[in-house]
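Q: Residues in the sequence shown are numbered from 1 upward in steps of one, following full-length UniProt numbering.
Cβ atoms here follow ideal geometry from the backbone N, Cα and C, with glycine treated the same way.
Dumping the structure here so I can ask a few things about it.
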Amino acid sequence: MEKLIFVFIILLLSMPVAFAQQKMSCCTKPASEATTQFAMLGSDKSFQAKHDNPLPFSLQNQKGKMVTFKTPDGKTASAYEIKAPKKTDNYLLVFHEWWGLNDYIKQEAERLAKELGNVNVLALDLYDGRVAAEREKAVEYMQSVTPERGKAIINGAIAYAGKDPDIATIGWCFGGGWSLQAAIEAGDKAEAAVIYYGMPERDVERLKKLDAPVLGIFAKQDGSITPEIVADFEQKMKQADKKVTIKMYDAVHAFANPSNPKYDKQAAEDAHKLAIEFLKKHLD
């Protein structure tokens, strides 16, 4: 009996240590995915403060429609699709901000389709049908997107585009990071990637898998995706022997979002012009 009591005491004493080790391994392990690193910013109150709740908006006379497609994880995903006027293998994958696939993103997808010409546009829904109107929900939805699910949606969209599509990508904020990840996932099908103030990939070995040139649009006053992070990304792209063009604006995070009360019209219009020229050049 004394031996049993002794063993029981030892077990009780070891439980807090084991629990602490388990907690440390799951909660303090550094994120290895750029998209996960960005999602972690959602818990930062100062980052949340950069995102005022979007102004009300409803898109009228929609040119596109919602479509669904299968994903490699055995599920389905959806996207807002605007078909090109004539048959083409050119596709633009559009990635929403942390609010989700709302009417602002659908409007931007339609604008891109109109200005790019004969290109199929797919605005992907990484939130699987959920759209946020408040910061708290945006954080919840953003942090619920696992790297595995995000990549499954992207690869499902690539398969939906056909056997041999030419793919370009564009995204803002949360979607900016996913725009780059999509270009990496697309391999030799990728033609161009545009990132608006999203967390860039800085793993040189992963960047070596990138086959497309990148246009990175960032903000000097961004305290989250800082100029230092951008400079490091540019250096890592050079190490990986990849083409990158960086444009910095004297603006705040999310400056190009018209739903943002801090929207910078002049900077946004200039950045949009650069993005259109870049995409047209590489999707020809």
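Once the 5 residues before and after valine 214 are set aside, which same chain residues still bring their CB inside 6 angstroms of it?
A: For the purposes of this step, residue 214 is taken as the residue at position 214 of the sequence shown. Around valine 214: Ala193 and Val244.
Q: Quick one: complete alpha helix (DSSP H) runs, 4+ long, within the segment 234–269?
A: Taking only runs of at least 4 residues, no alpha helix (DSSP H) segment lies wholly in the segment 234–269.
Q: Can you check whether the CB of valine 139 is closer than 9 angstroms to the CB of serine 259?
A: If you number the sequence shown from 1, residue 259 lands on position 259. If you number the sequence shown from 1, residue 139 lands on position 139. No; because the gap between Cβ atoms is not below 9 angstroms, this pair is not in contact.
Q: Buried or exposed: where does aspartate 222 fall if 16 or more other Cβ atoms within 10 Å of its Cβ makes it buried?
A: Stepping through the sequence shown from its first residue, residue 222 is reached at position 222. The residue in question, aspartate 222, is buried, as its Cβ has 16 or more Cβ neighbours within 10 Å.
Q: Is the beta carbon of asparagine 118 sitting closer than 9 angstroms to the one on threonine 146?
A: For the purposes of this step, residue 118 is taken as residue 118 along the sequence shown, with counting starting at 1. For the purposes of this step, residue 146 is taken as residue 146 along the sequence shown, with counting starting at 1. No, these two residues do not count as a Cβ contact at 9 angstroms.
Q: Just the Cα atoms here: how many angstroms apart are phenylalanine 38 and lysine 114?
A: On the sequence shown, residue 38 is found 38 positions in, with the first residue counted as 1. On the sequence shown, residue 114 is found 114 positions in, with the first residue counted as 1. Roughly 31 angstroms separates the two Cα atoms.
Q: Is it buried or exposed for glutamine 239, if we count other Cβ within 10 angstroms and need 16 for buried?
A: Residue mapping note: residue 239 aligns to position 239 of the sequence shown, counting from 1. That one is exposed.
Q: So, alanine 34 versus glutamine 181, is the Cβ gap smaller than 9 angstroms?
A: Position 34 of the sequence shown, counted from the start, is the residue given in the question as residue 34. Position 181 of the sequence shown, counted from the start, is the residue given in the question as residue 181. Their beta carbons are under 9 angstroms apart, which means alanine 34 touches glutamine 181 by this criterion.
Q: Which residues in the same chain as threonine 169 place their Cβ atom closer than 6 angstroms to its Cβ, once the five residues preceding and following it in sequence are excluded?
A: To locate residue 169, count along the sequence shown from 1; it is residue 169. Same-chain partners within the cutoff: Leu93, Ser179, Ala182, Ala183 and Ala193.
Q: So, for alanine 190: in the same chain, excluding its five sequence neighbours on each side, which residues have a beta-carbon less than 7 angstroms away from its beta-carbon?
A: As a first step, residue 190 is located in the sequence shown; it is residue number 190 there, counting from the start. Same-chain partners within the cutoff: Ile167, Ala183, Asp211 and Ala212.
Q: Mind checking who leucine 93 pairs with in its DSSP beta bridge?
A: The residue given as residue 93 occupies position 93 in the sequence shown. Answer is Leu122 and Thr169, bridged to leucine 93.
Q: Helix, strand or coil for leucine 69, going by three-state DSSP, please let me know.
A: For this step, residue 69 is matched to residue 69 along the sequence shown. Residue identity check: residue 69 is phenylalanine in the sequence provided, not leucine. It is a strand residue.
Q: Buried or exposed for threonine 71, going by 16 or more other Cβ atoms inside 10 Å?
A: If you number the sequence shown from 1, residue 71 lands on position 71. By the neighbour-count rule (16 or more Cβ atoms within 10 Å), threonine 71 is buried.
Q: Looking at valine 67: is its Cβ nearer than 9 angstroms to the Cβ of tyrosine 91?
A: Counting from 1 along the sequence shown, the entry for residue 67 is found at position 67. Counting from 1 along the sequence shown, the entry for residue 91 is found at position 91. Against a cut-off of 9 angstroms, the Cβ pair of tyrosine 91 and valine 67 comes out as no contact.
Q: Please specify which runs of the beta strand (DSSP E), each continuous and at least 3 residues long, are wholly inside the segment 164–215, giving them in chain order.
A: Segments of the beta strand (DSSP E) lying fully in the segment 164–215: 166–172 and 190–196.
Q: Determine the DSSP secondary structure at phenylalanine 57, reduced to helix, strand or coil.
A: Here residue 57 corresponds to residue number 57 of the sequence shown, with the count starting at 1. Here phenylalanine 57 sits in coil by DSSP.
Q: Cutting at 6 angstroms between CB atoms, please list the residues of its own chain near aspartate 103, excluding the five before and the five after it.
A: Against the sequence shown, residue 103 aligns to sequence position 103. Correct list, in chain order: Phe57, Ser58 and Leu59.
Q: Roughly how many angstroms separate the alpha carbons of lysine 163 and asparagine 61, rounded to a whole number?
A: In the sequence shown, counting from the first residue as 1, residue 163 sits at position 163. In the sequence shown, counting from the first residue as 1, residue 61 sits at position 61. The straight-line gap from Cα to Cα measures roughly 32 angstroms.
Q: In terms of residue numbering, what span does the alpha helix (DSSP H) encompassing glutamate 136 cover?
A: The residue you call residue 136 lines up with position 136 of the sequence shown. First-last of the alpha helix (DSSP H) with glutamate 136: 135–144.
Q: Which residue or residues does DSSP assign as beta-bridge partners of phenylalanine 218?
A: Taking the sequence shown and counting its residues from 1, the one referred to as residue 218 is at position 218. Looking at the DSSP assignment, phenylalanine 218 forms a beta bridge with Met248.
Q: How many whole angstroms separate the CB atoms of isoleucine 82 and glutamate 110, which I take to be in contact at a CB cut-off of 8 angstroms?
A: Counted from its first residue, the sequence shown places residue 82 at position 82. Counted from its first residue, the sequence shown places residue 110 at position 110. Rounded, the Cβ-Cβ distance is 6 angstroms, consistent with contact.
Q: Can you list, in chain order, the residues of its chain whose CB lies under 7 angstroms from that of glycine 175, leaving out five sequence neighbours each side?
A: Here the question's residue 175 lines up with position 175 in the sequence shown. Hits under 7 angstroms: Phe95, His96, Glu97 and Gly198.
Q: Distance, Cα to Cα, alanine 256 vs histidine 272?
A: In the sequence shown, the residue the question calls residue 256 occupies position 256. In the sequence shown, the residue the question calls residue 272 occupies position 272. Each residue's alpha carbon lies about 8 angstroms from the other.
Q: Who does glutamate 81 pair with in a DSSP beta bridge?
A: The residue given as residue 81 occupies position 81 in the sequence shown. In the DSSP output, where bridge partners are listed per residue, glutamate 81 has Lys65 and Leu122.
Q: Specify the secondary structure class of threonine 88 as computed by DSSP and reduced to three states.
A: Residue 88 sits at position 88 when you count from the first residue of the sequence shown. In the structure shown, threonine 88 sits in coil (DSSP, three-state: anything other than H, G, I, E or B).
Q: Whose C-beta lies closer than 7 angstroms to the C-beta of serine 32 among residues of the same chain, with five residues either side of it excluded?
A: Mapped onto the sequence shown, residue 32 falls at position 32. Here serine 32 scores only 48 on pLDDT, less than 50, and its place in the model is too uncertain to base an answer on.
Q: Taking its Cβ as the centre, do 16 or more other Cβ atoms sit within 10 Å of proline 30, making it buried, or is it exposed?
A: The count along the sequence shown starts at 1 and reaches residue 30 at position 30. Below a pLDDT of 50, predicted positions are generally treated as unreliable, and proline 30, at 36, falls in that range; the measurement from the model is reported next regardless. Per the 10 Å Cβ criterion, exposed.
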